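Per numbering that gives the first Met the number 0, the sequence shown starts with residue 0, numbered consecutively.
In this text, a Cβ means the ideal position worked out from N, Cα and C, and glycines have one as well.
Since the model is a prediction, treat every value here as computed from it, not as a measurement.
Written out below as structure tokens is the structure these notes cover.
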Amino acid sequence: MVEELKPVLVFDSGIGGLTVLREARVLMPERPFLYVADDAGFPYGAWDEAPLSARILDLFETLFDAHDPQAVIIACNTAFTLAGADLRARFADRCFIGTVPAIKPAAERTRSGLISVLATPGTVKRAYTRELIQSFAGRCHVRLVGSQNLARMAEAYIRGETAPDDDVLAEIAPCFIEEDGRRTDIVVLACTHYPFMANVFRRLAPWPVDWIDPAEAIARQARRLVPQVEGADPSHGWDQAIFTSGLPDFSTRRLMQGFGLKI
């Protein structure tokens with residue numbers, strides 16, 4: 000008889016982490032998942048660092064006590080670049096899989112040497128992000144674009160609301176640079192909300208670029224770190240979603256049901 004499996008906890012400030020959950024389920028079909036959205040604190044990009052870090056650490060204290068997950072996927076660039084080291088220090092016996100801007104693969108793929116990182120203001124100003132650039136993209140010109148509005152727009156878009164083209168274009172336009180006959184050829188989507196709007200970005204972009212979605216790479220890393228259990232029954236029923244506000248609206252509940260998540 001196979002013992003009951005502990006869940007993998009996927010954490011995000013809102014519902015953008017569903018892009019990571021989708022990929023993780025493909026690679027870990029035997030595992031139950033717990034999706035946690037800190038919607039009471041959304042959006043993270045506008046927070047000051049100290050209170051946001053304290054909030055995240057306190058929240059995980061509660062989550063570990065209540066759910067004892069096998070591993071945690073921090074499906075939020077802002078949260079992990081800010082609090083990842085502190086989380087690993089405080090909860091040293093826990094397994095964390097982080098999300099950071101995909102600057103290394105972008106630097107490896109670019110032909111023009113012009114890369115843009117589309118992120119939240121919090122991720123853009125983080126020293127962690129600039130260290131990634133120094134470590135892996137020293138020969139590239141990397142433009143950091145911190146969007147104030149795109150995470151909110153993506154949340155609304157995921158729920159079925161229309162995003163005006165002009166508003167979206169205003170957010171992504173700074174990513175596109177022409178310099179000495181070269182053009183930006185890669186845009187890193189450094190917020191897990193953004194891939195849900197990738198088709199809109201492609202349609203509105205002034206020229207074709209490679210939009211890098213980190214979700215699959217995050218899922219692969221989680222699969223490497225989470226023990227695979229042979230003989231486990233993947234038909235473990237619906238996975239669970241938790242919203243810190245306790246008040247997800249109807250469209251959010253319907254979206255969660257579409258992802259096989261029970262609130």
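The residue from R54, L117, Y34, M196 with its alpha-carbon nearest to that of F10 is Y34. T243 places its beta carbon less than 8 Å from that of D38.
Runs of alpha helix (DSSP H) with 4 or more residues, each lying fully within the region 63-142, are found at 76-89, 102-108, 120-124, 126-135, listed in chain order. In the three-state scheme derived from DSSP, where H, G and I count as helix and E and B as strand, F175 is classed as coil.
A buried status is given to S146, since no fewer than 16 other beta-carbon atoms sit within 10 Å of its beta-carbon. Excluding the 5 residues flanking it on each side, A101 has same chain C-beta neighbours closer than 6 Å at V187, I211, P213, in chain order. Residue pairing by DSSP places F32 opposite V7 in a beta bridge. Boundaries of the beta strand (DSSP E) harbouring F242: 238-242, taken from the DSSP string. According to the DSSP secondary-structure assignment, R182 is paired through a beta bridge with E177. By the C-beta density criterion, P207 is exposed, having fewer than 16 other C-beta atoms within 10 angstroms. In the DSSP assignment, I211 falls within the beta strand (DSSP E) that extends over 209-211. For F41, there is no enclosing alpha helix (DSSP H), as DSSP gives it neither H nor E. Under the three-state reduction of DSSP, G257 is assigned to helix. Counting C-beta atoms within 10 angstroms of its own C-beta, S134 has fewer than 16 neighbours from the protein chains shown and is therefore classed as exposed. Of R108, G137, R151, the smallest CA-CA separation from A118 is found for R151. With a 10 Å radius around the Cβ and a threshold of 16 neighbouring Cβ atoms, S115 comes out buried. Straight through space, the alpha carbons of F200 and R54 are spaced by roughly 32 Å. The alpha-carbon of V144 is positioned some 10 Å away from that of F175. For D165 and N148, the gap between their C-alpha atoms comes out near 13 Å. A distance below 7 Å between beta-carbons, with the five flanking residues on each side excluded, links L168 to the following residues of its chain, in chain order: L203.
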